[in-house]
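If you read the protein sequences in the order shown, they are chains A and B. With positions in the first sequence counted from 1, the corresponding number in the working numbering is that position plus 148. With positions in the second sequence counted from 1, the corresponding number in the working numbering is that position plus 56. Ideal Cβ placement from N, Cα and C applies to all residues, glycine included. Everything numeric in this text was worked out from a predicted model, so none of it was measured. Below is one structure, written out as structure tokens; comments come after it.
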Amino acid sequence: MDTYDAYQAITDVAEDQRWAFGAGFDDPLSGVDTTIPDGVVGADLGAYCEMLGDDALLVSHRLQQWVAHAPELEEEAALANIALDLLGQARFLLARAGTVDGSGRTEDDYAFQRGAAQFRHVRLVELVDSDFGVAMARLLVFSTWRLAVLDRLRASRDPVLAAIADKGVKEVTYHREYAAQWVIRLGDGTELSHRRVQAGLDQIAPFVGELFTDSDVETRLAAVGVGVRPSETRAEFDAVLDTVLSAATLRCPAWSAPGGATRTAGDRDTLRRLLVELQSVARAHPGATW
Amino acid sequence: MTEASTAARVRAIAETVPDPELPQLTVADLGILRDVTVTGRHAVVTITPTYTGCPALQEIRSELRRRLEGAGFDDVEVRTSLRPAWTSDWITEEGRQKLGAAGIVPPRTAPLRSTGPVPLTLVGSTPTVRCPRCTSPDTTQQSVFGATSCRALYRCTSCGEPFEYLKEI
Chain A
149 MDTYDAYQAI
159 TDVAEDQRWA
169 FGAGFDDPLS
179 GVDTTIPDGV
189 VGADLGAYCE
199 MLGDDALLVS
209 HRLQQWVAHA
219 PELEEEAALA
229 NIALDLLGQA
239 RFLLARAGTV
249 DGSGRTEDDY
259 AFQRGAAQFR
269 HVRLVELVDS
279 DFGVAMARLL
289 VFSTWRLAVL
299 DRLRASRDPV
309 LAAIADKGVK
319 EVTYHREYAA
329 QWVIRLGDGT
339 ELSHRRVQAG
349 LDQIAPFVGE
359 LFTDSDVETR
369 LAAVGVGVRP
379 SETRAEFDAV
389 LDTVLSAATL
399 RCPAWSAPGG
409 ATRTAGDRDT
419 LRRLLVELQS
429 VARAHPGATW
Chain B
57 MTEASTAARV
67 RAIAETVPDP
77 ELPQLTVADL
87 GILRDVTVTG
97 RHAVVTITPT
107 YTGCPALQEI
117 RSELRRRLEG
127 AGFDDVEVRT
137 SLRPAWTSDW
147 ITEEGRQKLG
157 AAGIVPPRTA
167 PLRSTGPVPL
177 TLVGSTPTVR
187 CPRCTSPDTT
197 QQSVFGATSC
207 RALYRCTSCG
217 EPFEYLKEI
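Next comes the structure, spelled out in structure tokens:
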């Protein structure tokens, strides 16, 4: 076929050309060297990939929930694209987890078959963001933090993590820019928009300390040159937030202090409801293909 | 047939595969096709995703296999390379012309990364993008994300038409 036939591409059921649950496209790392570097404990590396993957997966899902609810069509396209970038990062990271933790699980097993208690994300990513002010506040905080972590991860001794980070930095740079532009527009906008984005920042403030709390896994992997201790990114995060919030005429909230338990998933109502939606099709039709 | 000439044939076929999101351009135009090697009957084609979540990658993988098998190469392996990460600088001159012809402004050179934190770019500091229809420099960015992650939405304030810009990355 000389010209690309879009209809045929959509309807052709041969082989593995779909991409979604049950589609057979379940190996995003196809053809990538997935050897574990020397001196690295596979279970730690797997847990770390799950952490980074779960953060991306759940923020992606919250952003997807904005599709058909955003203020303008352009914003829906933007939020969906940011969600897609993060979903791509989650897919590579969860697939990587399955190649190193000895379980042999696929990305779908992690995304759709784990219960609430098995997720390893920070709580910030699961919060409900039904107000656009909250959504933009969370996206600014999340992307600023993740960009700083990924940027350091580019030097990881794990070649797969380093490669995922290399691409991720380019993507999250645009996510942060998008969120910063909106926070400034809303903060420096009307009395109403200012109040709502300030309320968004205040609402997420109690969950920011966790972002800079080093878990045991992160500390151990940082010691062998594979992971990043998130506490190292604090100064960079503060500088970016200061720039954006000043331009937005917003007050920097009192972020919660780092320390204590981190990445403790659990049977919380917000998380349970999110996972019910995320996993409903996969759980209703186990092993289905289409 | 020598391995070198087989590799050249495989490459020639692989270069015809279009990008599903930008069907005016091939994988060669976009710089997605990274390498072709042949050992005996075994052909290895290496591609790289533009963006991590790009759903086009799997379509490209299948289409590569389909076209090569159709041409009689039945031992084809398609590898994904993640590093070095794709950059819009790899879009060829021909690719840039095809983008322009489709009304999509081709990307500027991607910024060189200096040491230290990734710099924050705020409103007002984005460089001028000329309207592809009337060439006016009076354009405004509507959204940094368009129909796909790799494109931004602009509007020309002179002729009033919206257009897309392929972002430098």
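Phe173/A burial status per 10 Å Cβ neighbour count (16 or more: buried): For the purposes of this step, residue 173/A is taken as residue 25 along the first sequence, with counting starting at 1. In this predicted model, Phe173/A has a pLDDT of only 46, less than 50, meaning its place in the structure is not dependable enough to derive any value.
Cβ-Cβ distance between Ala127/B and Val92/B below 9 Å: Locating residue 127/B in the second sequence gives position 71, where the first residue counts as 1. Locating residue 92/B in the second sequence gives position 36, where the first residue counts as 1. The answer is no: Cβ separation not under 9 Å.
Residues that Ala157/B contacts on chain A, provided the C-beta gap is smaller than 7 Å: By one-based count along the second sequence, residue 157/B stands at place 101. Per Cβ cutoff of 7 Å: no residues; Ala157/B is ~16 Å from chain A at best.
Buried/exposed call for Arg189/B, threshold 16 Cβ in 10 Å: Here residue 189/B refers to the residue found at position 133 of the second sequence. With fewer than 16 Cβ atoms within 10 Å of its Cβ, Arg189/B is classed as exposed.
Straight-line Cα distance separating Ser404/A from Ala353/A: Taking the first sequence and counting its residues from 1, one reaches residue 353/A at position 205. Taking the first sequence and counting its residues from 1, one reaches residue 404/A at position 256. Whole-angstrom Cα-Cα distance: 6 Å.
Cβ neighbour criterion (16 or more within 10 Å) applied to Glu366/A: Position 218 of the first sequence, counted from the first residue, corresponds to residue 366/A. Classification of Glu366/A: buried, given that the 10 Å Cβ count is 16 or more.
Contact belief for Ile230/A with Phe201/B at Cβ below 8 Å, rounded distance in angstroms: As a first step, residue 230/A must be located in the first sequence, where it is residue number 82. As a first step, residue 201/B must be located in the second sequence, where it is residue number 145. That pair is a contact at about 7 Å.
Presumed contact (8 Å Cβ cut-off) between Leu222/B and Pro162/B, rounded CB distance: Within the second sequence, residue 222/B is the residue found at index 166, counting from 1. Within the second sequence, residue 162/B is the residue found at index 106, counting from 1. The pair is a contact, with the Cβ atoms about 6 Å apart (cut-off 8 Å).
Opening and closing residue of the beta strand (DSSP E) in which Gln198/B lies: Here residue 198/B is taken as the residue at index 142 of the second sequence, counted from 1. Segment 195-199, the beta strand (DSSP E) holding Gln198/B.
Coil, strand or helix - Arg302/A by DSSP: Here residue 302/A refers to the residue found at position 154 when the first sequence is read from its first residue. Reduced to three states, the DSSP call for Arg302/A is coil.
Beta-carbon proximity check, Gly194/A vs Gly263/A, cutoff 9 Å: For the purposes of this step, residue 194/A is taken as residue 46 along the first sequence, with counting starting at 1. For the purposes of this step, residue 263/A is taken as residue 115 along the first sequence, with counting starting at 1. No, the pair does not count as a contact, with Cβ atoms beyond the cut-off.
Unbroken beta strand (DSSP E) run spanning Pro218/B, endpoints: The residue labelled residue 218/B in the question sits at position 162 within the second sequence. Residues 218-222.
Closest residue to Ala157/B among Thr58/B, Thr104/B, Glu119/B, Phe219/B (Cα-Cα distance): If you number the second sequence from 1, residue 157/B lands on position 101. With distances taken between Cα atoms, Ala157/B lies closest to Phe219/B.
Residue environment, Leu275/A, which counts as buried when at least 16 other CB atoms sit within 10 Å: To locate residue 275/A, count along the first sequence from 1; it is residue 127. The residue in question, Leu275/A, is buried, as its Cβ has 16 or more Cβ neighbours within 10 Å.
Cross-chain neighbours of Tyr107/B in chain A, by beta carbon under 9 Å: Sequence index remark: in the second sequence, residue 107/B carries index 51 (1-based). Chain order gives the chain A residues near Tyr107/B as Asn229, Leu232, Asp233, Gly236, Lys315, Lys318, Glu319, where near means a beta carbon separation below 9 Å.
Span separating the alpha-carbon of Asp131/B from that of Ile103/B: Reading the second sequence from its first residue, position 75 is the one you call residue 131/B. Reading the second sequence from its first residue, position 47 is the one you call residue 103/B. Answer to the nearest angstrom: the Cα atoms are 17 Å apart.
Residue-chain proximity (Lys154/B, chain A), Cβ-Cβ < 9 Å: For the purposes of this step, residue 154/B is identified with residue 98 of the second sequence, where counting begins at 1. Judged by the 9 Å Cβ criterion, Lys154/B is not in contact with chain A.
Closer than 9 Å to chain A by CB, Val174/B: Stepping through the second sequence from its first residue, residue 174/B is reached at position 118. It does: the Cβ of Val174/B has a partner Cβ on chain A nearer than 9 Å.
Residues that Ala383/A bridges to, as DSSP identifies them: Here the question's residue 383/A lines up with position 235 in the first sequence. Ala383/A is not bridged to any residue.
Secondary structure of Ile91/B, DSSP reduced to three states: Mapped onto the second sequence, residue 91/B falls at position 35. Inspection of the sequence shows that residue 91/B is occupied by Asp rather than by Ile. Reduced to three states, the DSSP call for Asp91/B is strand.
Residue-level contact to chain A via CB, Pro111/B, 9 Å cutoff: Your numbering for residue 111/B matches position 55 in the second sequence. Chain A contact via Cβ: present.
Closest residue to Phe129/B among Leu81/B, Val101/B, Pro74/B (Cα-Cα distance): Here residue 129/B refers to the residue found at position 73 when the second sequence is read from its first residue. Considering only alpha carbons, the answer is Val101/B.
C-alpha gap between Pro173/B and Pro434/A, whole angstroms: Here the question's residue 173/B lines up with position 117 in the second sequence. Here the question's residue 434/A lines up with position 286 in the first sequence. One C-alpha to the other measures close to 44 Å.
Cβ neighbour criterion (16 or more within 10 Å) applied to Cys400/A: Residue mapping note: residue 400/A aligns to position 252 of the first sequence, counting from 1. Label assigned to Cys400/A: exposed.
Collapsed DSSP secondary structure at Glu77/B in the structure displayed: Indexing the second sequence from 1 puts residue 77/B at position 21. The answer is coil: DSSP assigns Glu77/B none of H, G, I, E or B.
Residue-level contact to chain B via CB, Leu261/A, 9 Å cutoff: Position 113 of the first sequence, counted from the start, is the residue given in the question as residue 261/A. For clarity, residue 261/A is Gln in the given sequence; the question names Leu instead. Output row for Gln261/A: interface = no.
Within chain B, partners of Glu384/A - CB distance below 7 Å: For the purposes of this step, residue 384/A is taken as the residue at position 236 of the first sequence. Those within 7 Å of Glu384/A in chain B are Pro173.
Min CB distance Ile295/A to chain B below 9 Å: Stepping through the first sequence from its first residue, residue 295/A is reached at position 147. In the sequence as presented, Ile is not what sits at residue 295/A; that position holds Leu. With respect to chain B, the C-beta atom of Leu295/A has a partner C-beta closer than 9 Å.
Where the segment 322-348 of chain A meets chain B: residues whose CB sits under 8 Å from a CB there: Tyr322, Arg324, Glu325, Tyr326, Ala328, Gln329, Ile332, Arg333
Residue range of the unbroken beta strand (DSSP E) whose run includes Arg152/B: For the purposes of this step, residue 152/B is taken as residue 96 along the second sequence, with counting starting at 1. Where Arg152/B is concerned, there is no enclosing beta strand (DSSP E), although the alpha helix (DSSP H) it sits in stretches over 149-157.
Test item: CB-CB of Leu178/B and Gln329/A under 9 Å: Counted from its first residue, the second sequence places residue 178/B at position 122. Counted from its first residue, the first sequence places residue 329/A at position 181. Inclusion of Leu178/B and Gln329/A in the CB contact set at 9 Å is warranted, their separation being smaller than that value.
Chain-ordered neighbours of Ala310/A on chain B, where CB pairs are closer than 8 Å: By 1-based counting over the first sequence, the position of residue 310/A is 162. The contacting residues are Arg139.
Cβ shell of Leu393/A (< 6 Å), same chain only, five flanking positions each side left out: Residue mapping note: residue 393/A aligns to position 245 of the first sequence, counting from 1. Counting only Cβ-Cβ distances below 6 Å, and skipping sequence neighbours, we find Cys400.
Whether Gly335/A touches Asp277/A by CB criterion (9 Å): For the purposes of this step, residue 335/A is taken as the residue at position 187 of the first sequence. For the purposes of this step, residue 277/A is taken as the residue at position 129 of the first sequence. Taking 9 Å as the Cβ cut-off, Gly335/A and Asp277/A do not qualify as a contacting pair.
Exposed unless 16 or more other CB atoms sit within 10 angstroms - verdict on Val429/A: Along the first sequence, one-based indexing puts residue 429/A at 281. With fewer than 16 other Cβ atoms within 10 Å, it is exposed.
Leu241/A: first and last residue of the uninterrupted beta strand (DSSP E) it sits in: Counting from one through the first sequence, the residue named residue 241/A turns up at place 93. Unbroken run through Leu241/A is the alpha helix (DSSP H), 221-248; no beta strand (DSSP E).
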